[in-house]
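Residue numbers (this note's numbering): 27 to 744.
Note that beta-carbon positions come from the ideal geometry of N, C-alpha and C, so glycine has one too.
Below is one structure; the comments refer to it alone.
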Ligand code: DGJ
């Protein structure tokens, strides 16, 4: 809901438990008033009546107080908007108008490609009237519109820019939003840091003067950071104020957290990493930033995560009410060495243990017998699949499972028919060496002919073979990101992402029964933008069940278990560390997300297969809670004993993992959350009845011992 003061210059957006207010001064300075718990319009007006501090030598009163600091004028903070024309640099805007509509460019902000042209009204229609705020400014011919939309407790913000002048405007930097925190002492900054096979690990450290920058200049979201930050002063998992910001963009990006000289804190984020040029806007062209969403919670880190999860399930993830199936993926079992016959053997075993979706990973197409050839040639390898993929798909369907395939459409091996025919279709700088990673180059998806080729190939693939699931991979970063003949700054960084989104959107529309998984060498492309058009993500190539707990702990800060794919693979772990662990431990680790099996079922004994079938059966029982329930992180996995709990209606399930028991010390009871203290709960495992108040205040014994032990405990309210 949006409240507006009578003078039309103070606005208040409210969610169920949070509020956000801003004010336009008589000099058209847009100042931030409030982000935090709900307040009234009268409160916002009282804040607006407070005068800005006076100008002092060497300090600007605007710094740390503006909603969207532009470059130019009396400001010294990092600008969210930096533009230049042939004549001058910077922005000096005047306010034009406001309304409470917000949906007009929303699809663009979430990356839906469409005309980059400004429309006649400058901004499009008024869909979504009343549930947001749109503030229009102008600087000469450049129209600048700030958008706000409250979605539950999450406030979405983005900006659109339209060049209505007669000369080109260079966008050096155009961030989606600047978030301003209230004055507090001793902020702490949390991030999800990582690298390949070690993604999304939570790091928290005191914030200090200066700037902390996270991001990616790799062309994709990257393994190095999820585009999320959280700030708090003294919050715990259960209590305290937490401010979070997350960006919905799958290309290069940057979030800068600045503690200014007067200790005020601002967070600015958007597409692109550098300030040296994002796009050139020709006359009549427009640019819409991605969404940079913000969340205030006074329920600690747990409350913040649950609010983020609710937001994504309601507004971001397609069809989030539908549970994801248990899948088998062939990658760790067979690598590139696949054949139709061998996949069909695996499919029979997978079906027998209850798998619902069978996915053939890399190696089924072109001359792809290793990573040196074939990428780009999206037709089944005739030696491996003489009749194409349809016979295998039919067999998989006959076994009662859905059928999925792996693709990596944005890439090409130089040893491929596609590259031999179109060497100019890759990103490259004229006269320079084309750097290969994993023997592959990046296709220039900004080119319409490349987009059309991929659309035709993928559409044909999904039309010729009854495919239900596509794992869409991306296995190298941009390096020589050039487009010979195109003027600088080149559109390819932004347009690649828009074209990727466009392909996904078009394929989803044409093949509505097909689900998509975002993968980038594991978790290299996980963000709110890709989640708008994919059903789940491949969390990490690290399938070691112990390492995974920390990765999943970090991941869950922002994203729900409903999208977090997790496989049970072989022991000793073949990919990384040779760790030996029981099937029990591997299953309970993977059951905290979207369960998959990635081990070589051909080598699992009859006993192991029978045990696996029991775990898969148990997972199917708890799946609605895991995938749709509320998550409570009872103990972080780093604490020796880690545990999560999911609550849905009258049911709750606890998944607990003991890393190592020392000195024979008893394993502590787990204090449960989200229960009714006045109710009683029956344990499905033991038949015992527990009182809610006792579970909440004294805890539940989990009966774990030794090393790498794990358990699942189901409770139902009676
Ligand atoms: C990287 C992915 O993360 C793996 O799961 C697998 O699909 C390989 N690529 C295949 O090349």
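In the three-state reduction of the DSSP assignment, residue 431 falls in the strand class. Remark: the shortest separation between the CB of residue 567 and any heavy atom of the ligand DGJ falls under 7 Å. Distances between the C-beta of residue 144 and the heavy atoms of the ligand DGJ are all 7 Å or more. Buried is the label assigned to residue 502, since at least 16 other Cβ atoms lie within 10 Å of its Cβ. DSSP places residue 558 in the coil class of the three-state scheme, outside both helix and strand.
Spatial neighbours of residue 237 in its own chain (CB-CB distance under 6 Å, excluding positions within 5 residues in sequence) are listed in chain order as 282, 284. Here the C-alpha atom of residue 391 lies approximately 39 Å from the C-alpha atom of residue 734. With 16 or more other CB atoms across the displayed protein chains lying within 10 angstroms of its CB, residue 41 is buried. Counting of Cβ neighbours within 10 angstroms places residue 348 among the exposed residues, the total staying below 16.
With a cut-off of 7 Å, the C-beta of residue 271 is classified as distant from the ligand DGJ, since no heavy atom of the ligand falls inside that distance.
Counting the other Cβ atoms within 10 Å of the Cβ of residue 461 gives fewer than 16, which makes it exposed.
In this chain, residue 334 is not harboured by any beta strand (DSSP E); it is covered by the alpha helix (DSSP H) spanning 326 to 337.
Residue 250 sits close to residue 220, with the two beta carbons spaced by under 8 Å. Under DSSP, residue 204 shares a beta bridge with 294. Selection 375, 407, 381 evaluated against residue 389 yields 407 as nearest (Cα-Cα). Counting along the chain, the unbroken beta strand (DSSP E) around residue 497 starts and ends at 495 to 498. With a cutoff of 8 Å on beta-carbon distance, residue 429 and residue 474 are scored as not near each other. Residue state for residue 437 is assigned as strand, using DSSP reduced to three classes.
Straight-line measurement puts the Cα of residue 684 at about 45 Å from the Cα of residue 525. Secondary structure note for residue 170: its beta strand (DSSP E) is the uninterrupted segment 168 to 177. Here the alpha carbon of residue 497 sits roughly 43 Å from the alpha carbon of residue 715. Shortest Cα-Cα distance from residue 466 to any of 535, 454, 477 involves 454.
Of the candidates 585, 536, 662, 566, the residue whose Cα lies closest to the Cα of residue 624 is 566. In this structure, DSSP gives residue 735 an extended state, which the three-state scheme calls strand. About 6 Å separates the beta carbons of residue 334 and residue 321, which is inside the 8 Å limit, making them a contact pair. Listed by position in the chain, the residues whose beta carbon lies within less than 6 Å of some heavy atom of the ligand DGJ are 357, 387, 388, 432, 499, 501, 545, 547, 548, 564, 567. Between the beta-carbon of residue 614 and that of residue 535 there is about 38 Å, and that puts the pair past the 8 Å contact cut. Given a length threshold of 3 residues, each whole run of the beta strand (DSSP E) inside the stretch 462 to 539 is given here in chain order: 495 to 498. Annotation for residue 611: 571, 734, 736 place their beta carbon closer than 6 Å to its own, counting only its chain and skipping 5 residues before and after.
Cβ contact annotation for residue 423 (same chain, cutoff 8 Å, sequence separation greater than five): 429, 492, in chain order. For residue 393, the secondary structure class from DSSP, reduced to helix, strand or coil, is coil. Counting along the chain, residue 656 sits inside the beta strand (DSSP E) bounded by residues 656 to 661. A straight line joining the alpha-carbon of residue 635 with that of residue 600 spans about 19 Å. Scanning the stretch 352 to 383 for uninterrupted alpha helix (DSSP H) segments of 4 residues or longer gives 357 to 360, 366 to 378, listed from N- to C-terminal end. Judged by their CB atoms, residue 87 and residue 81 are nearer to each other than the 8 Å cut-off. Residue 357 has its alpha-carbon roughly 5 Å from the corresponding atom of residue 387.
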